[in-house]
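Read left to right, the sequence shown gives residues 1 to 275 (full-length UniProt numbering).
Glycine residues also receive a C-beta, built at the ideal position from the N, C-alpha and C atoms.
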Amino acid sequence: LADTSVDYGPFANVSQFRLLDHFYGRSDTHSLDSLDDLISVIQSPGFSPTDLDNFSAKKAEHALDVWMSTSGLFSADDGWHQSSVEIPLPRTYAKYKSEAAAPKFTVPGVVHRRLLPLIKLAVQDPESHLKHIYHWLAHRRYWIPPLSRPEPESESEPEPEPEPSPSSSRSTSSQPNNPSPIRVYTDCYNSDAMLDAEAAIHKKPRAAGDPADLEYAILPLLLWSDATQLSSFGSASLWPIYLYFGSLSKYCRGRPTEFLAHHLAYIPGVSNLRD
Numbered sequence: 001l002a003d004t005s006v007d008y009g010p011f012a013n014v015s016q017f018r019l020l021d022h023f024y025g026r027s028d029t030h031s032l033d034s035l036d037d038l039i040s041v042i043q044s045p046g047f048s049p050t051d052l053d054n055f056s057a058k059k060a061e062h063a064l065d066v067w068m069s070t071s072g073l074f075s076a077d078d079g080w081h082q083s084s085v086e087i088p089l090p091r092t093y094a095k096y097k098s099e100a101a102a103p104k105f106t107v108p109g110v111v112h113r114r115l116l117p118l119i120k121l122a123v124q125d126p127e128s129h130l131k132h133i134y135h136w137l138a139h140r141r142y143w144i145p146p147l148s149r150p151e152p153e154s155e156s157e158p159e160p161e162p163e164p165s166p167s168s169s170r171s172t173s174s175q176p177n178n179p180s181p182i183r184v185y186t187d188c189y190n191s192d193a194m195l196d197a198e199a200a201i202h203k204k205p206r207a208a209g210d211p212a213d214l215e216y217a218i219l220p221l222l223l224w225s226d227a228t229q230l231s232s233f234g235s236a237s238l239w240p241i242y243l244y245f246g247s248l249s250k251y252c253r254g255r256p257t258e259f260l261a262h263h264l265a266y267i268p269g270v271s272n273l274r275d
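See below:
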């Protein structure tokens, strides 16, 4: 009989041989760590090669792109929703009685969160390290310059001053100048706009059922939206609408490590829109 055995070189079986053949023969960007990760996946409980019958990597990638999970990055559990938005558009040589009568362009796939639940989730978080530094009451802030004495009129040696009589008051020239306080504007909560808004709230009737000692407060909302490049190379990008709370100091909001921007929505790219 002919010898039908196959020589796999230093490898014990065909599985090991094909793994190393894939590693060295398909790409030069693999690492030994990535190969160990692949082996861990194959050896993990519940993994079965028969589950991959008719599997297509291209179809699987598309399924991930269109899948809206109840958990994950845009999870429904975190309040994310996906909706379509209708935008009224002008039309050449046409007039309409109102904006509602104008033709509308539908923008699908707008991922967004509702504003009020987002606010409640942020300001009522008992574990937040920011809960003690919110400025809930509007106020004015002042800086009082240090006391200063008047400058001498000349550098010549001053003449000795006469002894003051008990009934005479001290000369005003020897008194330090008392500078006036200077109003300082740093954030929303020490601005006139917030003071006026707080006064307007206090003039309104209280909500029925609220206890008499429940304080009403203003929460300034700072909204921005701009395109964000996701990588140093390539064209991957997002266009978020994000929110800051003006009741926190700008020195806190300006630190990226504080993660104080609340993502409110994501605008689809133009390439994803179809007429």
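Do residue j and residue i count as a contact pair if the criterion is CB distance below 8 Å?
{"i": "R141", "j": "T106", "result": "no"}
{"i": "E198", "j": "A138", "result": "yes"}
{"i": "Y266", "j": "V111", "result": "yes"}
{"i": "L35", "j": "F23", "result": "yes"}
{"i": "S237", "j": "Y189", "result": "no"}
{"i": "F259", "j": "P220", "result": "no"}
{"i": "I133", "j": "C252", "result": "yes"}
For residue i, name the three-state secondary structure that DSSP assigns.
{"i": "Q43", "result": "helix"}
{"i": "T106", "result": "strand"}
{"i": "S83", "result": "strand"}
{"i": "S128", "result": "coil"}
{"i": "N190", "result": "helix"}
{"i": "F245", "result": "strand"}
{"i": "Y142", "result": "strand"}
{"i": "S225", "result": "strand"}
{"i": "I218", "result": "coil"}
{"i": "I182", "result": "strand"}
{"i": "L195", "result": "helix"}
{"i": "R114", "result": "coil"}
{"i": "Y251", "result": "helix"}
{"i": "P256", "result": "helix"}
{"i": "H135", "result": "coil"}
{"i": "S56", "result": "coil"}
What residues in its chain sit with their C-beta under 8 Å from that of residue i, if we drop five residues either side in the sequence?
{"i": "P181", "result": "Y142, W143, I144"}
Label residue i either buried or exposed according to how many other C-beta atoms from any shown protein chain fall within 10 Å of its C-beta, with 16 as the threshold for buried.
{"i": "H135", "result": "buried"}
{"i": "A63", "result": "exposed"}
{"i": "R183", "result": "exposed"}
{"i": "A101", "result": "exposed"}
{"i": "Y96", "result": "exposed"}
{"i": "R113", "result": "buried"}
{"i": "I42", "result": "exposed"}
{"i": "I201", "result": "exposed"}
Spatial neighbours of residue i within its chain, please: C-beta separation below 6 Å, excluding the five flanking residues on both sides.
{"i": "H263", "result": "P240, Y242"}
{"i": "K104", "result": "E86, P88"}
{"i": "P117", "result": "G79"}
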